[in-house]
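Residue numbers (this note's numbering): 20 to 581.
Think of the CB as a built atom: it goes at the ideal place given N, C-alpha and C, for glycine as much as any other residue.
One structure below.
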Amino acid sequence: MSRHIRWQATLALLGLLLIGALLSYATYSYTTVEIPARGGVFVEGVVGNPQYINPVLCQYNDVDRDLCVLVFNGLLRYDERGDLQPDLAESWEASPASDVFTFTLRADARWHDGLRITADDVIFTVELFQDPDLPVLPDLAGLWRSVIPTKVDERTVVFALTQPYAAFPDYTTIRWFGVLPKHYWQRYRPGDLTQAQLNTQPIGSGPFRVTAVDSQRVRLEPVPQGFPTQPMLEAIEFRFFGDYTAILAAIERGEVQGISRVPPELLAQAEAMPNLQLFTSTLPGFAMILFNLTSPNAPFLAEPTVRQALAYGINRQHLLDEVIPGLGVPADSPILPGTWAYNPDIPTYPYDPARARALLDEAGWVDTDGDGVREKNGVVMTMTLLSDDAPTSAQTIQAIADDWAALGVRAVPQAVSFAGLASDFLMTRNFTAALIIQEYLGDPDPYPLWHSTQLAPNGQNFTGWQNRQADIVMEQARITTDRNLRRQLYEEFQVLFAQDVPAIVLYYPLYVYGVSTAVKDVEIGRLNEPADRFRTFPRWYMLTEKMTRVERRTLELDKWPE
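So, in structure tokens, the structure goes:
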């Protein structure tokens, strides 16, 4: 009997213990929260390998450009609106004539080795850009060779320009001008810079420093003074791949957590991956069809009415929704929306094939022999439509050729190499029409592309457009620092451009970024360049920890400013 009672007592005690454990678990579950924890390395796949993690040499390679933006600084930087903000310089000012610019460096600006950044470093970097033995982009070298730098004191540099240029401060951003530490680089002659080991073991001043690099990867660790708050992740690692397809496969295997860019041809595959989150933003630039206004093979392109008709004849929405989905958003101006100089009230050319046909008829271009192609005075409306050999470019010009064929205009699509398009056709003006994508970062100054003094082969005005009123507007805008006046001038330029149609602006390109769902709190806003995808990096996290609600509340109170 007593044994039976003891057995019942034991069962009762076990039951009480079990209930207590369940209640404790429930209490813990309901009074704790999961919060981000510090730690973890974000591994991103990129296509290609770094050659020069050096802001003087990095303009030719996408991986180099990303790394330079993260490791170095310019005097100024762009914010999310594309406006200039202080970077290494705490302030700057321009002379009334826009030909002298004074920059004052931050007192706390330091290299990753702890030494102070001074005016000597800035002037040393300018002199490198000016040296003819250094393989710098020709236009960039030409700009800096027109600048005379002067050291006023350890923190003040004055740039005197040989001619006024209101957009000059934009060329002091990291995109064009990253400052190098003189005490490391002065040992090299400019002609030997490309061979320096420092190109892959850089000492910079930016938010990240390179801590390891080999043939497979490069590791970047955040510099404490580079961020307003300590990042949650301990490092970024770039892994090098031969193509983007291989990166997507590595994401599926869990080897990397990001893809630096999702190209349009892989967008559907990326969207179907359940463990991949995609982020989209426009990039500064635009795709356009350039016309050679002086081509003897297509004299009809010299007529503004014909160019207007061709603009009305392109179905942009179908192109961007069906032919090249995910590649861009419709565009109407060579100055970007959302920037201070954009004019939303310019003439536009929505898809209107009936209007296009009427304009061609009015201009005297008609199909008299019934072969489906218009002609006038024995000249047939036939031209070659060039592009680079990227798959999406070839698809684009084919779709446009089909649209124009419906108007009675024959365009023969021809894809060539990217380098060949520039050197063999555009620079020599040996083309009738061509699709190009033009990067457009910073100041909206259209002078290099559209002023009559910039005709090819020495300039980038490949169309041969010459409009005296547009020239005057661009010239005036270059020599004033009054933004309101510059805005008015650029608004007028956009109207003149839209009326004359020296080129058809098709779309603003989209940048699609892919990150594993294992990485939390990722956001990208407006990008000035792809490396801006890391702007919100301090908030990203991969690890979590449990914390009671009371502990979390205490933590939040501790962080609250007094």
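Burial state of residue i (16 or more Cβ within 10 Å)
i: residue 487; result: exposed
i: residue 252; result: buried
i: residue 316; result: exposed
i: residue 438; result: exposed
i: residue 354; result: buried
i: residue 491; result: exposed
i: residue 436; result: exposed
i: residue 229; result: buried
i: residue 171; result: exposed
i: residue 356; result: exposed
i: residue 407; result: buried
i: residue 263; result: buried
i: residue 319; result: buried
i: residue 451; result: buried
i: residue 196; result: buried
i: residue 327; result: buried
i: residue 42; result: Unreliable placement is indicated for residue 42, whose pLDDT of 45 sits below 50; no coordinate value is reported for it.
i: residue 470; result: buried
i: residue 167; result: exposed
i: residue 152; result: exposed
i: residue 169; result: exposed
i: residue 398; result: exposed
i: residue 341; result: exposed
i: residue 249; result: exposed
i: residue 10; result: The question about residue 10 has no answer here: the residues shown for the chain are numbered 20 through 581.
i: residue 444; result: buried
i: residue 376; result: buried
Host beta strand (DSSP E) of residue i (start-end)
i: residue 529; result: 522 to 535
i: residue 144; result: Counting along the chain, residue 144 falls outside any beta strand (DSSP E), though it belongs to the alpha helix (DSSP H) covering 138 to 149.
i: residue 350; result: Neither: residue 350 is in no beta strand (DSSP E) and is coded neither H nor E.
i: residue 429; result: 429 to 435
i: residue 548; result: Careful: residue 548 lies outside any beta strand (DSSP E) and carries neither H nor E.
i: residue 100; result: From DSSP, residue 100 is part of no beta strand (DSSP E); its letter is neither H nor E.
i: residue 121; result: 119 to 124
i: residue 55; result: 51 to 56
i: residue 112; result: 108 to 113
i: residue 70; result: Element bounds for residue 70: n/a, residue is neither H nor E.
i: residue 541; result: First-last for residue 541: undefined, no H or E at that position.
Same chain only: Cβ atoms within 7 Å of residue i, ignoring 5 sequence neighbours per side
i: residue 45; result: Note that residue 45 has pLDDT 49, beneath the 50 cutoff, so the model's placement of it is unreliable and the number below is only indicative. So the list is empty, once near-sequence residues are dropped.
i: residue 307; result: 455, 457, 522, 523, 524, 525
i: residue 347; result: 306, 339, 526, 527, 528, 529
i: residue 423; result: 329, 332, 430
i: residue 371; result: 331
i: residue 566; result: 51, 52, 54
i: residue 310; result: 320, 326, 452, 482, 521, 522
i: residue 343; result: 283, 411, 414, 415
i: residue 181; result: 165
i: residue 349; result: 335, 336, 339, 526
i: residue 563; result: 53, 54, 55, 56
Residue range of the alpha helix (DSSP H) that includes residue i
i: residue 419; result: 410 to 424
i: residue 97; result: That residue, residue 97, is in no alpha helix (DSSP H); its beta strand (DSSP E) goes 95 to 97.
i: residue 82; result: 81 to 90
i: residue 505; result: 502 to 519
i: residue 325; result: 323 to 331
i: residue 492; result: 487 to 497
i: residue 467; result: 466 to 469
heavy atom of the ligand ADP below 7 Å from residue i C-beta
i: residue 262; result: Within the structure as shown, the ligand ADP is missing, as the structure has no ligands at all.
Close-in-space but distant-in-sequence residues of the same chain around residue i (CB under 8 Å, 5 per side omitted)
i: residue 497; result: 117, 183, 184, 185, 186, 464, 466
i: residue 29; result: Only weak support is given to the placement of residue 29: the predicted model assigns it a pLDDT of 49, under 50, and the value that follows is read from those uncertain coordinates. No residues qualify anywhere along the chain.
i: residue 143; result: 199, 201, 204, 205
i: residue 537; result: 276, 294, 561
i: residue 440; result: 405, 406, 407, 453, 455
i: residue 446; result: 475, 476, 481
i: residue 126; result: 109, 174
i: residue 366; result: 514, 517, 518
Cβ shell of residue i (< 6 Å), same chain only, five flanking positions each side left out
i: residue 156; result: 78
i: residue 149; result: 163, 164
i: residue 191; result: 93, 94, 95
i: residue 386; result: 393, 427
Entirely enclosed alpha helix (DSSP H) segments - the stretch 241 to 308, minimum 4 residues: Every alpha helix (DSSP H) of 4 residues or more that sits fully in the stretch 241 to 308 is shown, in chain order, as 263 to 271, 286 to 290.
message: So, does the stretch 60 to 75 touch the stretch 255 to 271, judging by three or more C-beta pairs under 8 Å?
response: yes
- request: Only counting runs of 4 or more residues, tell me where the alpha helix (DSSP H) segments fall wholly within the stretch 354 to 404, in order along the chain.
  value: Complete alpha helix (DSSP H) runs here, min 4: 372 to 381.
task: Please determine if the stretch 558 to 568 and the stretch 537 to 550 are in contact, where contact requires at least 3 C-beta pairs separated by less than 8 Å.
output: With the cut-off at 8 Å, the stretch 558 to 568 and the stretch 537 to 550 touch.
message: Can you confirm whether the stretch 126 to 138 touches the stretch 218 to 234 when touching is taken to mean that 3 or more C-beta pairs between the two stretches lie within less than 8 Å?
response: yes
query: Which parts of the stretch 162 to 201 are runs of the beta strand (DSSP E), unbroken and 3 residues or longer, counting only runs that do not cross its ends?
result: 166 to 172, 175 to 180
- request: Evaluate the contact criterion for the stretch 372 to 392 versus the stretch 495 to 515: three or more CB pairs, one atom per stretch, below 8 Å.
  value: No: the two stretches stay apart, fewer than three of their Cβ pairs being nearer than 8 Å.
message: Between the stretch 234 to 241 and the stretch 172 to 180, can you find at least three pairs of beta-carbon atoms closer than 8 Å?
response: no
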